[in-house]
Amino acid sequence: TKIGGRVDRVRGLAAAGARVRELLVAAGAKRVALSDAPELVTFANAWPTGVQLLPDAPRDELLAADAGVTFAQHGIAETGTLVLLSSQEQSRLASLLPALHIAVLPCSRLSGTLGDAFAALQGTDGAPVARTITFVTGPSRTADIELTLVVGVHGPKAMHVVLVEDV
Numbered sequence: 003t004k005i006g007g008r009v010d011r012v013r014g015l016a017a018a019g020a021r022v023r024e025l026l027v028a029a030g031a032k033r034v035a036l037s038d039a040p041e042l043v044t045f046a047n048a049w050p051t052g053v054q055l056l057p058d059a060p061r062d063e064l065l066a067a068d069a070g071v072t073f074a075q076h077g078i079a080e081t082g083t084l085v086l087l088s089s090q091e092q093s094r095l096a097s098l099l100p101a102l103h104i105a106v107l108p109c110s111r112l113s114g115t116l117g118d119a120f121a122a123l124q125g126t127d128g129a130p131v132a133r134t135i136t137f138v139t140g141p142s143r144t145a146d147i148e149l150t151l152v153v154g155v156h157g158p159k160a161m162h163v164v165l166v167e168d169v
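For the sequence shown, our numbering begins at 3 and goes up steadily by one.
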């Protein structure tokens, strides 16, 4: 929340799906990019009527999407960072291109610190658990023009995390 993200805490995947639906309706989202995370299959009833789902959409369609929905594999409490692994979620652009990013994250996958997260992302052989690891911290922001902070220029203008207990 300190960096502009919003967080809700719910109990169970059914409640998470209902909250995702409420967020999409409130945002007026008509085109929604979906990651290929297998957990999103449980959200079949979450998609509002009339919404066009864009799984595995090309980049230009993702840029035109109103929202993107992902299922994060890890989170870092100290920085408010989401962690997406290519081994479990290959369509990570759904988190980086649409104007609104909604991420679902089980509380059991929260790490306290960046160091804890790096330890969790390391396999028994010491190698990373995925070929590509994407870290997402809040809405997109830049201050590279005249050192003026601008939100949403290179990615989502808004980010909402739905923390799920009991997954």
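Cβ atoms here follow ideal geometry from the backbone N, Cα and C, with glycine treated the same way.
Collapsed DSSP secondary structure at residue i in the structure displayed
i: P22; result: Reading the sequence as shown, one finds Val at residue 22 and not Pro. Residue state, collapsed to three classes: helix.
i: R111; result: helix
i: L99; result: coil
i: G77; result: strand
i: A160; result: strand
i: P40; result: helix
i: V27; result: helix
8 Å Cβ cutoff met for residue i and residue j
i: A35; j: A105; result: no
i: A101; j: S113; result: no
i: V163; j: V12; result: no
Cα-Cα separation, residue i to residue j
i: T115; j: R133; result: 22 Å
i: Q75; j: Q124; result: 13 Å
i: R85; j: K32; result: It is worth fixing the name first, because residue 85 is Val in this sequence and not Arg. Computed Cα separation, rounded: 26 Å.
i: K170; j: H103; result: Nothing about residue 170 can be reported from this structure: the residues present for the chain run from 3 to 169 only.
i: V71; j: F120; result: 24 Å
Boundaries of the alpha helix (DSSP H) in which residue i is found, first to last residue
i: A121; result: 116 to 122
Outcome for residue i when other beta-carbon atoms lying within 10 angstroms are tallied against a minimum of 16
i: G52; result: exposed
i: P60; result: exposed
i: E41; result: buried
i: L26; result: buried
i: T126; result: exposed
Boundaries (first-last residue) of the beta strand (DSSP E) holding residue i
i: D62; result: Where D62 is concerned, there is no enclosing beta strand (DSSP E), although the alpha helix (DSSP H) it sits in stretches over 61 to 66.
i: F137; result: 135 to 139
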